[in-house]
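Colleague:
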Amino acid sequence: MTRRRLGKLDLFRVFLRVLFLQGLLNRRGMQNLGFASAVAAAGRVVDGDNALILRHLSFFNCNPNFTPLIIGGVLRLEEERSEGKPVSESDIDRFKKSLSSPLAAMGDMLFLGGLKPLALTFACIFAIYKLLIGLLAVFLIYNLTIISFRLWGVYFGYAKGWELVDVFSGPVFQRVLVVVQGLGAGTGGVLVGLVFHAFPQHGQWMLFFGSALTVLTLYLLKRDIPASWFAIILFPVSALFTLIFV
Amino acid sequence: MSPFIVLSLIAGVLAIDDRAGWQSLAAQPVFAGLVVGIVTGEVHAALTVGLLLEFIWLSILPMRGLRRPDQIAGAIVGCGTAGLVMHFTGDPRLLFIVAAGTLAGLVAGELAARLSAPLFAFLNRYLGRVEFSPDARYAGTTRKLIALHAGSTLYLFVVEAVIVYILLGAGYQAAERLTRYVGGSFVVGAVNWEQLLPALGAASLIHIYWHRHLKRVLILCAVMVILVLWLR
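Spelled out as structure tokens, the structure:
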């Protein structure tokens, strides 16, 4: 019996599972169940054997936005294996392992360290000026980027297969990262400027206290002490200070 | 339907997005504040609380390996408290109510993280222990994975919704009593605290971008904005 190759609709089913990849996150296998679930969405066409799903239940962890690339690539390799091409199970396992760590680092840098702070900074600026349409635009653009990246990832990973390893070794990713981080730093600078411009409007002494608080928070952040506890402690301090001195 | 129940259900949906979905940013305080503001009819108060919480929690974005506050619970409780107090009491002291809401949100975020930790750890352990039979049929294993996915998502929804329902009730009661009984210097102190909070956001942004060439871009943009606004 000759099996048909994976079509666009099959890959779209994989993409739908990939959107909720994190739902089965666990410490023992991390994204293993989510990965197997996504592979299973197209596995019937590729192989149809229960062993295919079980093979992908081993430990797997990557940035969830870059995982679709690996899933697409794995489906391509599984397809080639079922067609009798010289691809072994250990080759597929090696492919997963060799890509997951570098792509996890890239994904964290690009999405957690670049796009997310950038989008949130823009959102804060729009929220300061109560520009609801701006907030909505940030939300839509961010989601469009994430969703289309995951969709592209499944199709691109499937199209490339083994070649996926070479694609991300070029300088393109570094250039994209520099642009995103530069934009983030610029927007961050704008927000810092807005914050410092607003302090004297509440009284000249607020500029002094605001600056002192910024320096103190920076000191705490450098020691990995989150600002949330500091903010809670500051409330009674501020009330007491005002009670005594004002 | 009671706004407390509506806000708890919204928290459950946001938990699905944040923990199981693609993290659409809807669970971030600044966006959650907008949603809560629309529900309570107090967009200005809820959005301001969301903005202040976002400023504070920007600091935990790059941090790893620490117990993070439950941002969803914190955002819904904080913004919800401010919105509901404004809505039900008609208190005109917007800045003070925003300060009370922000404090409620911060405390709720920390409490919710501690309350939900063992419940999420249970789910984590359960998912880690699931066994799949090699003798099962392909369709059976697929069905089991889908059932696990649905069950896990429902669990996330219920845990977050219940925790937020409890904390929102407590937060509202505390903030409502605070606005009823305190005045004078305490109110001034609370408002001063709230007006200083953006400094924490500024520090977080400086912390995130303070390396190599990025700090030059950050400083340049900050100085330019201050100059332009000052000259205007």
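First to last, the protein sequences are chains A and B.
In terms of the numbering used here, the first sequence is residues -11 to 234.
In terms of the numbering used here, the second sequence is residues -12 to 219.
Glycine residues also receive a C-beta, built at the ideal position from the N, C-alpha and C atoms.
What you are looking at is a predicted structure, and each value in this text was computed from that prediction instead of being measured.
Hey, out of Ala209(B), Leu184(B) and Leu218(B), whose CA is closest to Gly198(A)'s CA?
Modeller: Stepping through the first sequence from its first residue, residue 198(A) is reached at position 210. Per the Cα distances, Leu184(B).
Colleague: For a test of the three-state rule: what should DSSP assign to Phe107(B), helix, strand or coil?
Modeller: Here residue 107(B) refers to the residue found at position 120 of the second sequence. Here Phe107(B) sits in helix by DSSP.
Colleague: Helix, strand or coil: how does DSSP classify Met18(A) here?
Modeller: Residue mapping note: residue 18(A) aligns to position 30 of the first sequence, counting from 1. It is a strand residue.
Colleague: With distances taken between CB atoms, is the gap from Leu4(A) to Cys50(A) smaller than 9 Å?
Modeller: Position 16 of the first sequence, counted from the first residue, corresponds to residue 4(A). Position 62 of the first sequence, counted from the first residue, corresponds to residue 50(A). No.
Colleague: Starting from the Cα of Phe99(A), find the closest Cα among Arg203(B), Ser11(B) and Ala189(B) and give me that residue.
Modeller: Within the first sequence, residue 99(A) is the residue found at index 111, counting from 1. Comparing Cα positions, the closest option is Ser11(B).
Colleague: Identify whether Phe48(A) lies in helix, strand or coil by the three-state DSSP scheme.
Modeller: Here the question's residue 48(A) lines up with position 60 in the first sequence. It is a strand residue.
Colleague: Just how far apart, CA to CA, sit Glu151(A) and Ala189(B)?
Modeller: Translated into positions along the first sequence, residue 151(A) becomes position 163. Translated into positions along the second sequence, residue 189(B) becomes position 202. Rounded to the nearest angstrom, the two C-alpha atoms are 43 Å apart.
Colleague: If we define contact as Cβ-Cβ less than 9 Å, is Asp122(B) a contact residue for chain A?
Modeller: Reading the second sequence from its first residue, position 135 is the one you call residue 122(B). Answer yes: the Cβ-Cβ gap between Asp122(B) and chain A drops below 9 Å somewhere.
Colleague: By how many angstroms is the C-alpha of Thr140(B) removed from the C-alpha of Thr106(B)?
Modeller: Sequence index remark: in the second sequence, residue 106(B) carries index 119 (1-based). Sequence index remark: in the second sequence, residue 140(B) carries index 153 (1-based). Note that residue 106(B) is Leu in the sequence shown, not Thr. Leu106(B) and Thr140(B): Cα-Cα distance of roughly 13 Å.
Colleague: Any idea if Glu71(A) is buried or exposed, counting beta-carbon neighbours within 10 angstroms, 16 or more meaning buried?
Modeller: Sequence index remark: in the first sequence, residue 71(A) carries index 83 (1-based). Per the 10 Å Cβ criterion, exposed.
Colleague: Rounded to the nearest angstrom, how far is the Cβ of Ala237(A) from that of Leu7(A), given a contact under 8 Å?
Modeller: Residue 237(A) cannot be examined here, being either before or after the span of chain A that is shown, -11 to 234.
Colleague: Any C-beta of chain B sitting closer than 9 Å to the C-beta of Gln162(A)?
Modeller: Taking the first residue of the first sequence as 1, we reach residue 162(A) at position 174. No, because no Cβ of chain B sits closer than 9 Å to the Cβ of Gln162(A).
Colleague: Kindly indicate which residue of Asn38(A), Ile80(A), Ile232(A) and Phe223(A) has the alpha-carbon position closest to the one of Val62(A).
Modeller: Residue 62(A) sits at position 74 when you count from the first residue of the first sequence. The residue from Asn38(A), Ile80(A), Ile232(A) and Phe223(A) with its alpha-carbon nearest to that of Val62(A) is Ile80(A).
Colleague: Which bits of chain B does Pro159(A) rub up against, with CB to CB less than 9 Å?
Modeller: Sequence index remark: in the first sequence, residue 159(A) carries index 171 (1-based). Within chain B, no residue comes near Pro159(A); the closest Cβ sits about 17 Å away, beyond 9 Å.
Colleague: Just how far apart, CA to CA, sit Arg69(A) and Arg43(A)?
Modeller: Indexing the first sequence from 1 puts residue 69(A) at position 81. Indexing the first sequence from 1 puts residue 43(A) at position 55. Rounded to whole angstroms, Arg69(A) to Arg43(A) spans 13 Å at the Cα level.
Colleague: Check each candidate in Ala14(B), Thr35(B) and Leu218(B) and name the one with the smallest Cα separation from Ala115(A).
Modeller: Reading the first sequence from its first residue, position 127 is the one you call residue 115(A). Selected option, being the one with the closest Cα: Thr35(B).
Colleague: Need the endpoints of the alpha helix (DSSP H) that Asn53(A) sits in, please.
Modeller: Working through the first sequence from its first residue, we reach residue 53(A) at position 65. Asn53(A) -> no alpha helix (DSSP H), and no H or E assigned at all.
Colleague: Pick from Val210(B), Tyr196(B) and Ala162(B): whose alpha carbon is nearest that of Val183(A)?
Modeller: The residue you call residue 183(A) lines up with position 195 of the first sequence. Answer by Cα proximity: Val210(B).
Colleague: So is Thr68(B) in contact with chain A if we call contact Cβ pairs under 9 Å?
Modeller: As a working note, residue 68(B) is residue 81 in the second sequence. Closer than 9 Å: no.
Colleague: Roughly how many angstroms separate the alpha carbons of His31(B) and Leu128(A), rounded to a whole number?
Modeller: The residue labelled residue 31(B) in the question sits at position 44 within the second sequence. The residue labelled residue 128(A) in the question sits at position 140 within the first sequence. Their backbone Cα atoms lie some 21 Å apart in a straight line.
Colleague: Out of Pro16(B), Gly77(B) and Val26(B), which one is the CA nearest neighbour of Ala95(B)?
Modeller: The count along the second sequence starts at 1 and reaches residue 95(B) at position 108. When only C-alpha atoms are compared, the closest one is Pro16(B).
Colleague: If we cut at 9 Å on Cβ distances, does Ser103(B) have a partner in chain A?
Modeller: Position 116 of the second sequence, counting from 1, holds the residue named residue 103(B). Ser103(B) does not count as touching chain A.
Colleague: Run the CB neighbour count on Ser226(A), radius 10 Å, all protein chains shown included, and call it buried at 16 or more, exposed below.
Modeller: Within the first sequence, the letter at position 238 stands for residue 226(A). Buried, because 16 or more other Cβ atoms sit within 10 Å of the Cβ of Ser226(A).
Colleague: Return the Cβ separation of Gly95(A) and Gln169(A) in integer angstroms, given the expectation that the two are a contact with Cβ distance under 8 Å.
Modeller: Residue numbering aside, residue 95(A) sits at position 107 when the first sequence is read from its first letter. Residue numbering aside, residue 169(A) sits at position 181 when the first sequence is read from its first letter. Gly95(A) to Gln169(A), Cβ: 14 Å. No contact.
Colleague: Note down, in chain order, all residues in the region 123 to 152 of chain A with a beta-carbon under 9 Å from any beta-carbon belonging to chain B.
Modeller: If the cut-off is 9 Å between Cβ atoms, the region 123 to 152 of chain A has Leu123, Leu124, Val126, Phe127, Tyr130, Asn131, Ile134, Ile135 and Arg138 near chain B.
Colleague: Looking at Asn131(A): is its Cβ nearer than 9 Å to the Cβ of Trp9(B)?
Modeller: As a position in the first sequence, residue 131(A) is number 143, starting the count at 1. As a position in the second sequence, residue 9(B) is number 22, starting the count at 1. Yes, the Cβ-Cβ distance between Asn131(A) and Trp9(B) is below 9 Å.
Colleague: Nearest chain B C-beta to Val178(A) closer than 9 Å, yes or no?
Modeller: Counting from 1 along the first sequence, the entry for residue 178(A) is found at position 190. Closer than 9 Å to some Cβ of chain B, the Cβ of Val178(A) qualifies, so yes.
Colleague: For Ser(-11)(B), which three-state DSSP category applies?
Modeller: By 1-based counting over the second sequence, the position of residue -11(B) is 2. DSSP, reduced to helix, strand and coil, places Ser(-11)(B) outside both helices and strands of the structure shown, so it counts as coil.
Colleague: Please classify Arg138(A): does DSSP put it in a helix, a strand, or coil?
Modeller: Position 150 of the first sequence holds residue 138(A). Helix, per DSSP.
Colleague: In the region 21 to 50 of chain A, which residues sit with their C-beta less than 9 Å from some C-beta in chain B, listed in chain order?
Modeller: Taking 9 Å as the Cβ-Cβ cut-off against chain B, the residues of the region 21 to 50 of chain A that qualify are Leu21, Gly22, Ala24, Ser25, Ala28, Ala29, Gly31, Arg32, Asp35, Gly36, Asp37, Asn38, Ala39, Leu40, Ile41, Leu42 and Leu45.
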